[in-house]
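Colleague: One structure, as structure tokens, below. Some questions next.
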Amino acid sequence: MDTPPAVETTPLIAGFTLLGEIGRGGFGVVYQARQASLDRLVAIKVLSEQPGEDDERGVARFAREAKVAARLNHPHIVQAIDFGRDAVSGRWYYAMELVEGPNLRALVERAGPLDERRALRIAAAIASALAHAHAAGVVHRDIKPENIFLTSGGVAKLGDLGLARPLSAAVVGARPRLEVSLDGGIVGTPHYMAPEQIHGPPDAVDGRADFYSLGATLYHLVTGRPPFTGDTPIEILSAHLKRAPADPRTHNRTLGRPFADVVLRLLAKSPDDRPADAAALIAAIADLRREKVVSARELRGRVVRTPGRGHRPPRPGVCVARPV
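Take the sequence shown: its position 63, counting from 1, is numbered 1020 in the working numbering, and each next residue is one higher.
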């Protein structure tokens, strides 16, 4: 009889009861867990054991993710809870807020592209999160649909700060240096990477790279596809450098021109052609949302002012806050 393949034993982390696996990747495994001290459910990321220098670099990046997250306290950023190394198992862990809802990639794959209004609500939430992060001297560098989650109440949360770069207090506002990944590659996800993350000088990546990635993410949310595709990562990266993205309205005719214009501005090749800072981005999104509300009111007004035969007046509505 063949020996069954070895199954990784669930690690023991003092103070937490690991209940089940949520996901895994090259860094390690994320579990749902119960924190004993506060009797609450959390997510806990446990770092994989790697040999030699890779282990040291992995721990350093793991620690940076936790410490960066701990600096950021915002309703649209996944909150850090604890970080450390278990004394018995020797495993490094990082506990964080558990978001019991899908990431945006899974949502689009399941339900199809989002409508413009819903995409704008998510964009407003993430722009607010980026404003907070950038003000604290942190550039995320990996904005993508998989890293934005929706709570059960529909609140958008930005997570996965594994590639985020903190700046010291002495250089807040300066541009962080581009960092290579553990396998020597460039940092980021090919479908959503800003051109300056791909080939720019070491000091060329600042918060405007996050705006580009948010633009690529919005493009995906409303069209069901990223702005550039290809058979290999190199093809995709080359497209970010050399090709103009197709107008998102070619993939979704329900989109308005102002919305498409903002998305394409975020996808500008040069950082200088994107919003200068998070405040400018927030203002642009607010203008779009306000325009959508005004347009809807005008449309309702035209329907009421020009009733047809047998027209019945609309029922009075109640305005309520809506989740994203």
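All C-beta atoms in this analysis are idealised placements derived from N, C-alpha and C, irrespective of residue type, glycine included.
1. When the Cα atoms are used, what is the spatial distance from residue 1055 to residue 1005?
2. Rounded to whole angstroms, what's the CA-CA distance from residue 1194 to residue 1179? Just pull it up for me.
3. Pull up the CB-CB distance for residue 1235 and residue 1052, whole angstroms please, since I reckon it's below 8 Å.
4. Within the continuous beta strand (DSSP E) that includes residue 1038, where are the two ends?
5. Less than 7 Å separating the beta-carbons of residue 1158 and residue 1176?
6. Just how far apart, CA to CA, sit residue 1200 and residue 1163?
7. Between residue 1185 and residue 1238, what straight-line distance do the alpha-carbon atoms span, to the nearest angstrom?
8. Kindly indicate which residue of 1109, 1092, 1110 and 1087 has the alpha-carbon position closest to the one of residue 1116.
9. Contact between the stretch 1088-1103 and the stretch 1027-1034: three or more CB pairs below 8 Å?
10. Taking buried to mean at least 16 other C-beta atoms within 10 Å of its own C-beta, is residue 952 buried or exposed?
11. Per DSSP, what are the beta-bridge partners of residue 1054 in this structure?
12. Please state whether the Cβ-Cβ distance between residue 1100 and residue 1167 is less than 7 Å.
13. Tell me whether residue 1001 is buried or exposed, calling it buried when 16 or more other Cβ atoms sit within 10 Å of its Cβ.
14. Identify the residues that DSSP records as bridge partners of residue 1237: which are they?
15. Taking just the CA atoms, how far does residue 1030 sit from residue 1203?
16. Are residue 1225 and residue 1231 closer than 7 Å when you measure CB to CB?
17. Within its chain, find whatever has a CB closer than 8 Å to the CB of residue 1156; leave out the 5 residues flanking it on each side and keep chain order.
18. Does the contact criterion of 3 or more C-beta pairs under 8 Å hold for the stretch 1069-1077 versus the stretch 983-1001?
19. Just how far apart, CA to CA, sit residue 1221 and residue 977?
20. Quick one: using the 10 Å Cβ neighbour count with 16 as the cut-off for buried, is residue 1045 buried or exposed?
21. DSSP on residue 974, reduced to helix/strand/coil?
22. For residue 1185, name the three-state secondary structure that DSSP assigns.
23. Go ahead and label residue 1066 buried or exposed: buried means 16 or more other beta carbons lie within 10 angstroms of its beta carbon, across all protein chains shown.
24. Am I right that residue 1058 and residue 1106 are in contact with their C-beta atoms under 8 Å? What's the rounded C-beta distance?
25. Are residue 1113 and residue 1149 closer than 7 Å when you measure CB to CB?
26. Using the DSSP secondary-structure output, state which residues sit across from residue 1106 in a beta bridge.
27. So which of 1095, 1003 and 1214 has the shortest CA-CA distance to residue 1248?
Modeller: Looking at the atomic coordinates:
1. Looking up residue 1055 in the sequence shown gives position 98. Looking up residue 1005 in the sequence shown gives position 48. Distance between the alpha carbons of residue 1055 and residue 1005: 20 Å.
2. Here residue 1194 refers to the residue found at position 237 of the sequence shown. Here residue 1179 refers to the residue found at position 222 of the sequence shown. So the alpha carbons of these two residues sit roughly 21 Å apart.
3. As a first step, residue 1235 is located in the sequence shown; it is residue number 278 there, counting from the start. As a first step, residue 1052 is located in the sequence shown; it is residue number 95 there, counting from the start. So it is not a contact: roughly 28 Å between Cβ atoms.
4. On the sequence shown, position 81 is the one that residue 1038 refers to. From DSSP, the beta strand (DSSP E) with residue 1038 extends over 1037-1042.
5. As a first step, residue 1158 must be located in the sequence shown, where it is residue number 201. As a first step, residue 1176 must be located in the sequence shown, where it is residue number 219. Not a contact, by the Cβ cut-off of 7 Å.
6. Along the sequence shown, read from residue 1 onward, the residue named residue 1200 stands at position 243. Along the sequence shown, read from residue 1 onward, the residue named residue 1163 stands at position 206. Taking the straight line joining both Cα atoms gives about 22 Å.
7. Translated into the one-based positions of the sequence shown, residue 1185 becomes position 228. Translated into the one-based positions of the sequence shown, residue 1238 becomes position 281. Rounded to the nearest angstrom, the two C-alpha atoms are 23 Å apart.
8. As a working note, residue 1116 is residue 159 in the sequence shown. Residue 1116 has its Cα closest to that of 1087, out of 1109, 1092, 1110 and 1087.
9. yes
10. Lying before the first or after the last residue shown, residue 952 is absent from the chain, which here runs from 958 to 1281.
11. As a working mapping, residue 1054 is identified with position 97 in the sequence shown. Note: residue 1054 sits in a beta bridge opposite 999.
12. To locate residue 1100, count along the sequence shown from 1; it is residue 143. To locate residue 1167, count along the sequence shown from 1; it is residue 210. Yes, the pair counts as a contact, with Cβ atoms nearer than the cut-off.
13. Stepping through the sequence shown from its first residue, residue 1001 is reached at position 44. It counts as buried.
14. The sequence position of residue 1237 within the sequence shown is 280, counting from 1. None, per the DSSP bridge assignment.
15. Indexing the sequence shown from 1 puts residue 1203 at position 246. Indexing the sequence shown from 1 puts residue 1030 at position 73. Those two C-alpha atoms are separated by around 37 Å.
16. Reading the sequence shown from its first residue, position 268 is the one you call residue 1225. Reading the sequence shown from its first residue, position 274 is the one you call residue 1231. Contact: yes.
17. If you number the sequence shown from 1, residue 1156 lands on position 199. So the list reads 1198, once near-sequence residues are dropped.
18. Below 8 Å, too few C-beta pairs join the stretch 1069-1077 and the stretch 983-1001 to call them touching: fewer than three.
19. What you label residue 1221 is simply residue 264 of the sequence shown in a count that begins at 1. What you label residue 977 is simply residue 20 of the sequence shown in a count that begins at 1. Residue 1221 and residue 977 have their alpha carbons spaced roughly 41 Å apart.
20. For the purposes of this step, residue 1045 is taken as the residue at position 88 of the sequence shown. With fewer than 16 other Cβ atoms within 10 Å, it is exposed.
21. Translated into positions along the sequence shown, residue 974 becomes position 17. Strand at residue 974.
22. Here the question's residue 1185 lines up with position 228 in the sequence shown. Correct three-state label for residue 1185: coil.
23. Taking the sequence shown and counting its residues from 1, one reaches residue 1066 at position 109. With fewer than 16 Cβ atoms within 10 Å of its Cβ, residue 1066 is classed as exposed.
24. Taking the sequence shown and counting its residues from 1, the one referred to as residue 1058 is at position 101. Taking the sequence shown and counting its residues from 1, the one referred to as residue 1106 is at position 149. Between residue 1106 and residue 1058 the Cβ distance is about 6 Å, and since that is below 8 Å, they are a contact.
25. Taking the sequence shown and counting its residues from 1, the one referred to as residue 1113 is at position 156. Taking the sequence shown and counting its residues from 1, the one referred to as residue 1149 is at position 192. No, Cβ-Cβ distance for residue 1113 and residue 1149 is not below 7 Å.
26. In the sequence shown, counting from the first residue as 1, residue 1106 sits at position 149. 1060 and 1114.
27. As a position in the sequence shown, residue 1248 is number 291, starting the count at 1. That would be 1214, whose Cα lies nearest to the Cα of residue 1248.
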